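Visitor: Encoded as C-alpha coordinates, here's the structure I'll be asking about.
This is the structure in C-alpha coordinates:
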(Lines of atoms letter the chains of each structure in order from A and count residues from 1; the text may use other names and numbers.)
(Lines give C-alpha, C1' and ligand atoms only; values in the text may rest on other atoms or scores of the structure.)
Protein backbone atom coordinates (compact mmCIF):
# COMPACT_ATOMS: atom_id res chain seq x y z
CA UNK A 1 0.00 0.00 0.00
CA UNK A 2 1.37 3.43 -0.87
CA UNK A 3 2.24 5.98 1.75
CA UNK A 4 0.46 8.84 0.00
CA UNK A 5 -1.74 10.94 2.25
CA UNK A 6 -5.19 9.64 1.43
CA UNK A 7 -6.95 10.76 4.56
CA UNK A 8 -8.76 9.03 7.38
CA UNK A 9 -11.75 7.76 5.40
CA UNK A 10 -13.14 7.78 1.86
CA UNK A 11 -16.87 7.57 1.27
CA UNK A 12 -20.05 9.12 -0.08
CA UNK A 13 -21.82 12.16 1.41
CA UNK A 14 -25.27 11.27 2.74
CA UNK A 15 -27.94 13.15 4.69
CA UNK A 16 -29.89 11.62 7.59
CA UNK A 17 -33.53 12.18 8.58
CA UNK A 18 -32.45 14.97 10.97
CA UNK A 19 -30.72 16.90 8.18
CA UNK A 20 -27.17 16.04 9.23
CA UNK A 21 -24.59 15.42 6.53
CA UNK A 22 -22.43 12.39 7.19
CA UNK A 23 -19.95 10.06 5.56
CA UNK A 24 -19.71 6.62 7.13
CA UNK A 25 -19.52 7.13 10.89
CA UNK A 26 -18.37 10.75 10.56
CA UNK A 27 -20.57 13.83 10.90
CA UNK A 28 -19.65 16.47 8.32
CA UNK A 29 -19.61 20.20 8.99
CA UNK A 30 -23.02 21.42 7.83
CA UNK A 31 -22.09 24.87 6.48
CA UNK A 32 -18.97 23.64 4.67
CA UNK A 33 -20.86 20.73 3.11
CA UNK A 34 -23.80 22.93 2.03
CA UNK A 35 -21.47 25.48 0.42
CA UNK A 36 -19.09 23.15 -1.40
CA UNK A 37 -20.56 19.67 -1.90
CA UNK A 38 -23.70 17.73 -2.74
CA UNK A 39 -25.24 14.46 -1.58
CA UNK A 40 -23.58 11.59 -3.42
CA UNK A 41 -20.17 13.24 -3.76
CA UNK A 42 -17.27 10.91 -2.96
CA UNK A 43 -14.95 12.57 -0.48
CA UNK A 44 -11.73 11.94 1.40
CA UNK A 45 -11.86 12.93 5.06
CA UNK A 46 -8.47 14.29 6.06
CA UNK A 47 -8.89 14.89 9.79
CA UNK A 48 -11.51 14.21 12.46
CA UNK A 49 -12.28 15.62 15.89
CA UNK A 50 -14.64 14.66 18.68
CA UNK A 51 -18.13 15.92 17.85
CA UNK A 52 -18.75 18.93 20.13
CA UNK A 53 -22.55 18.78 19.70
CA UNK A 54 -24.55 17.17 22.49
CA UNK A 55 -27.46 16.81 20.05
CA UNK A 56 -25.72 14.50 17.57
CA UNK A 57 -22.80 13.08 19.60
CA UNK A 58 -24.47 9.72 20.32
CA UNK A 59 -25.10 9.09 16.63
CA UNK A 60 -21.85 10.65 15.37
CA UNK A 61 -19.08 10.78 18.00
CA UNK A 62 -16.58 11.99 15.37
CA UNK A 63 -16.85 15.05 13.15
CA UNK A 64 -14.86 16.44 10.23
CA UNK A 65 -14.65 19.82 8.59
CA UNK A 66 -11.47 18.99 6.72
CA UNK A 67 -12.42 16.94 3.66
CA UNK A 68 -12.24 17.21 -0.12
CA UNK A 69 -13.56 15.53 -3.26
CA UNK A 70 -11.96 12.10 -3.66
CA UNK A 71 -10.94 12.66 -7.28
CA UNK A 72 -9.12 15.93 -6.54
CA UNK A 73 -5.61 16.22 -5.22
CA UNK A 74 -5.04 18.68 -2.45
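Residue numbers (my numbering): 3 to 76.
We treat Cβ as the ideally placed atom computed from N, Cα and C, and that holds for glycine.
The structure presented is a predicted model; accordingly, all values stated were derived computationally and were not measured.
1. In the DSSP assignment, find the beta strand (DSSP E) that holds residue 57 and state where it starts and stops.
2. Measuring alpha carbon to alpha carbon, tell me which residue in 9, 19, 12 and 11 is nearest residue 61.
3. Buried or exposed for residue 46, going by 16 or more other Cβ atoms inside 10 Å?
4. Return the CA-CA distance between residue 29 and residue 65, expressed in angstroms with no decimal places.
5. Locate the beta strand (DSSP E) running through residue 32, then write down its first and last residues.
6. How long is the line joining the alpha carbons of residue 42 and residue 71, rounded to whole angstroms?
Guide: If we stick to the structure as given:
1. Residue 57 -> no beta strand (DSSP E), and no H or E assigned at all.
2. Taking residue 61 as reference, the option from 9, 19, 12 and 11 with the minimal CA-CA separation is 19.
3. Classification for residue 46: buried.
4. Distance between the alpha carbons of residue 29 and residue 65 is about 5 Å.
5. Looking at the DSSP string, residue 32 is not in any beta strand (DSSP E); the run it does join, the alpha helix (DSSP H), is 32-38.
6. C-alpha of residue 42 to C-alpha of residue 71: approximately 11 Å in a straight line.
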